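J.: Questions regarding the structure given below will be posed in turn.
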Amino acid sequence: MQDIIGTEREVTGPGWTSRRMLLKKDGMGFSFHETIIPAGAELNLWYKHHLEAVYCVAGNGKILDKATGETHEITDGTLYALDKHDQHTLYGGTEDMRLICAFNPPVTGREVHDEDGAYLPDTSED
Ligand code: 9YT
-5 MQDIIGTERE VTGPGWTSRR MLLKKDGMGF SFHETIIPAG AELNLWYKHH
45 LEAVYCVAGN GKILDKATGE THEITDGTLY ALDKHDQHTL YGGTEDMRLI
95 CAFNPPVTGR EVHDEDGAYL PDTSED
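Quick note, the sequence shown lines up with residues -5 to 120 if you use this note's numbering.
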């Protein structure tokens, strides 16, 4: 991770920092990130073009599933899988949350969320 911090593979937006350890160009078929969500952050997300699995390894927070209105606690050892392009809100908790995230299809580089909370689809060939 020290190899990534401060390089073009570290991307930040309001309420998140993403360290992209594996990208599309790394050829794995998914991208693999460490994401830090600061305490108290609130992110409205909707990965319309991607599936995402998220595993919490430190800190705490919550996720609101907008389809059901259910809120789920997130802490060390929690996994959530967004297998339906689910609209959701991610809330930072009382401590910064450290998440390991995998995206399918892979993120290509320095994507940030659009106004709907999505990353644009990858339209490059290959
Ligand atoms: C958990 C989440 O979706 N956070 C926003 C950043 C994203 N995971 C990323 O690009 O790593």
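Backbone N, C-alpha and C fix where the C-beta goes; we use that ideal spot for every residue, glycine too.
No experiment lies behind these values; they were computed from the predicted model shown.
Using the beta-carbon count (16 or more within 10 Å), is residue 14 buried or exposed?
T.: By 1-based counting over the sequence shown, the position of residue 14 is 20. Label assigned to residue 14: buried.
J.: Can you give the beta carbon distance from residue 73 to residue 47, rounded, assuming they're within the 8 angstroms contact cut?
T.: Mapped onto the sequence shown, residue 73 falls at position 79. Mapped onto the sequence shown, residue 47 falls at position 53. About 7 angstroms; that satisfies the 8 angstroms criterion.
J.: Would you check if there are 3 or more beta carbon pairs closer than 8 angstroms linking the region 64 to 79 to the region 32 to 52?
T.: Yes, the region 64 to 79 touches the region 32 to 52.
J.: Would you kindly work out how many angstroms separate the C-alpha atoms of residue 32 and residue 4, rounded to a whole number?
T.: Translated into positions along the sequence shown, residue 32 becomes position 38. Translated into positions along the sequence shown, residue 4 becomes position 10. Rounded to the nearest angstrom, the two C-alpha atoms are 15 angstroms apart.
J.: Could you name each continuous beta strand (DSSP E) segment of 3 residues or more that falls completely within the region 46 to 75, going from the start of the chain to the end?
T.: Runs found: 54 to 59 and 64 to 69.
J.: State the Cα-Cα distance for the pair residue 43 and residue 113, rounded to the nearest angstrom.
T.: Position 49 of the sequence shown, counted from the start, is the residue given in the question as residue 43. Position 119 of the sequence shown, counted from the start, is the residue given in the question as residue 113. About 7 angstroms.
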